[in-house]
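Sequential numbering from 221 applies to the sequence shown in my numbering.
Ideal Cβ placement from N, Cα and C applies to all residues, glycine included.
Just so it is clear, the structure is predicted and the values come from calculations on it, not from any experiment.
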Amino acid sequence: MTNKLIVALPEVEAFLQRARGSFIDGGFREQGTPIAIINPADGSQLSSVAPGNVALADEAVAITKGSFDDRRWRGMSPAQRERILLKFADLVEQHSEELAQIETLNQGKSINISRAVDAGFSVDFIRYMAGWTTKLEGKTGDVSIGMPEGANFNAYTLRQPVGVVAAIVPWNFPMMIALWKAIPALAAGCSVVVKPASETPLSVLRLAELAVEAGVPKGVFNVILGSGSVVGQHLAGHADVDKVTFTGSTEVGKVIGHAAVDHMASFSLELGGKNPMLVLADADIEKAVNGALMGGLLNQGQVCAAASRFYVHRSLHDEFCSRLRSVVDQMSVGPGMDPQAQVNPVVSQRHQRSILQHLERAKAQGANVHYGVQVPEEGFYVSPVIISDAKQTFDIVREEAFGPILTVIPFDDVNEALAMVNDSELGLAASLWTESLSEAMRLTPEIEAGTVWVNTHVTLDPSLPFGGFKQSGIGKEFGQEAIYSYTKLKSICIAY
């Protein structure tokens, strides 16, 4: 292990003392018995917060609805809302180190990722979405209505905010994904209640404070803490919630979707992925190996779009595996607050055990499991793993483990490989590695995934829609598609 830990900022320590419960109507609510928030690096208590319950969730929804009904946010001009969201982006940028440290201490990831992705990408995302505030528009139509005789008509469509949005956020990128949902909703004129994962509420609470400081009226951006099975499920089924947006597992996403549709709320679901990387014979092997390490081990594989199954042409397979093993054997290990550490803890002991169970099943089914660098017993670490000799039918090839596991399978024929790539219930993302433009153009339309990268993996941009096919979800994050999902389209026809 390395030993060059960053010392937490005084502002971080002050926040950990201040944030003790849900953030509703502009302030923290300390109700109920506090639960410990754990530092994954060593298992120690980082903080404690009071989780919400059904009654507090009802109050949060009522306050959020009140802020929508009285038009304190949606009644502002689009340019006013845009300026406030841009100020919010400025504040997130000014507090980026504080937010990155909070995220790393709570979630366990590398401070480098928290700085570049959770904080850095989020600033760009807020600014991109703020621009949409002034660009929502309808259309006019030249209708052909024949009755009553002699009447003239003017028809047009109007985009309006959908209303109260419940955003249920996972633990892998809590701050960033909360913003993926809250910012387009706010840009559209909605009011929002966010429920972060029980393990990782802290950065989202800090965002809520900064939103109020930026000028978002109190009651428009609320954060309710609590378990997904109680508070999350209650929000999804709440009669006063007009839109539910959820990121998480496919199993839970289906429950959330059913709860929303029971009261005819709209919903979007960004769900699980068992994402393939297809490496053709002509691929640049150095680029492909680096892409596999980046795409598969970012945030210890705790990324919905992470590459986890690798179909590599047999002519490259052995060298590909050898290079991967060589790298994972020499990676440095340490807490996320150590900028030099390449292997950091996963989010919780429960998730650590889940990953290890996946590996035990892989070994029992006959896979060759190569563990990388040795990890400490203290904290929730998992060694990066390279799996070979796996078959398409093995659980490790078919089930999302959400950990640092790279499973490599050789192929001889490209069409055979394409069939294996598509042989999954999930279809979130995929990547193709080739130097042939013809093969790239031929294969990308045939890969059954919502996002297909060529010679890269896990690269996102706020303007490029992101969301899955098949069991990986419904709806899109990013781009025009995202902000339109927080609107309802009204048709208006005027006779004169």
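Quick one: what's got a C-beta closer than 8 Å to residue i's C-beta in the same chain, skipping five residues either side?
{"i": "Ile-712", "result": "Ala-375, Tyr-376, Thr-377, Leu-378"}
{"i": "Glu-250", "result": "Arg-240, Gly-241, Ala-270"}
{"i": "Phe-631", "result": "Tyr-531, Val-532, His-533, Arg-534, Ala-637, Met-640"}
According to the neighbour-count rule (16 or more other Cβ atoms, all chains shown, within 10 Å of its Cβ), is residue i buried or exposed?
{"i": "Ile-575", "result": "buried"}
{"i": "Gly-670", "result": "buried"}
{"i": "Val-384", "result": "buried"}
{"i": "Arg-570", "result": "exposed"}
{"i": "Ala-496", "result": "Strictly speaking, residue 496 in this sequence is Pro, with Ala absent from that position. Pro-496 is buried by the Cβ-count criterion."}
{"i": "Thr-613", "result": "exposed"}
{"i": "Gln-691", "result": "buried"}
{"i": "Phe-373", "result": "exposed"}
Here's a check: name, in chain order, each residue in its chain whose Cβ is nearer than 7 Å to the Cβ of residue i, leaving out the five neighbours to either side.
{"i": "Ser-342", "result": "Val-312, Met-395, Met-396, Leu-399"}
{"i": "Leu-517", "result": "Pro-604, Pro-624"}
{"i": "Lys-583", "result": "Val-589"}
{"i": "Ile-365", "result": "Phe-373"}
{"i": "Leu-709", "result": "Thr-377, Arg-379"}
{"i": "Asp-504", "result": "Glu-655"}
What would DSSP say about residue i, mapped onto helix, strand or coil?
{"i": "Phe-235", "result": "helix"}
{"i": "Pro-496", "result": "strand"}
{"i": "Ile-667", "result": "coil"}
{"i": "Glu-471", "result": "helix"}
{"i": "Gln-380", "result": "strand"}
{"i": "Gly-490", "result": "The residue you asked about is not Gly; residue 490 is Glu in the sequence shown. In this structure, Glu-490 counts as strand in the three-state DSSP scheme."}
{"i": "Ser-264", "result": "coil"}
{"i": "Cys-541", "result": "helix"}
{"i": "Val-281", "result": "helix"}
{"i": "Phe-308", "result": "helix"}
{"i": "Thr-707", "result": "strand"}
{"i": "Ile-476", "result": "helix"}
{"i": "Ser-644", "result": "coil"}
{"i": "Leu-229", "result": "coil"}
{"i": "Gly-790", "result": "Since the displayed the chain opens at 221 and closes at 716, residue 790 lies outside it and no answer follows."}
Below 9 Å between beta carbons: does that hold for residue i and residue j?
{"i": "Val-412", "j": "Val-389", "result": "no"}
{"i": "Leu-445", "j": "Val-451", "result": "yes"}
{"i": "Ala-261", "j": "Gly-468", "result": "no"}
{"i": "Val-432", "j": "Gly-286", "result": "no"}
{"i": "Gly-492", "j": "Glu-655", "result": "no"}
{"i": "Leu-356", "j": "Ala-408", "result": "yes"}
{"i": "Tyr-716", "j": "Ala-485", "result": "no"}
{"i": "Val-443", "j": "Leu-455", "result": "no"}
{"i": "Arg-543", "j": "Gly-592", "result": "no"}
{"i": "Val-523", "j": "Phe-393", "result": "yes"}
{"i": "Ile-725", "j": "Ser-568", "result": "For the chain, the structure presents residues 221 to 716; residue 725 sits outside this window and is missing."}
{"i": "Ala-350", "j": "Leu-305", "result": "yes"}
Using C-beta distances below 6 Å, list every residue in its chain close to residue i, excluding the 5 sequence neighbours before and after it, in chain order.
{"i": "His-458", "result": "Val-281"}
{"i": "Pro-685", "result": "Lys-696, Phe-698, Gly-699, Glu-701"}
{"i": "Leu-663", "result": "Leu-652"}
Rounded to whole angstroms, how far is the Cβ of residue i from the Cβ of residue j, which I believe are closer than 8 Å?
{"i": "Ser-528", "j": "Leu-626", "result": "7 Å"}
{"i": "Asp-462", "j": "Lys-224", "result": "Between Lys-224 and Asp-462 the Cβ distance is about 48 Å, and since that is not below 8 Å, they are no contact."}
{"i": "Asp-727", "j": "Gly-586", "result": "Past the edges of the chain, shown from 221 to 716, lies residue 727, and the structure says nothing about it."}
{"i": "Tyr-706", "j": "Pro-381", "result": "7 Å"}
{"i": "Pro-404", "j": "Ile-703", "result": "4 Å"}
Is the beta carbon of residue i within less than 8 Å of some heavy atom of the ligand MN?
{"i": "Gly-473", "result": "In the structure shown, the ligand MN is absent, as is every other ligand, since no ligand is present at all."}
At least one CB of chain B closer than 9 Å to the CB of residue i: is that the case?
{"i": "Gln-562", "result": "This model lacks chain B altogether, as it is built from one protein chain only."}
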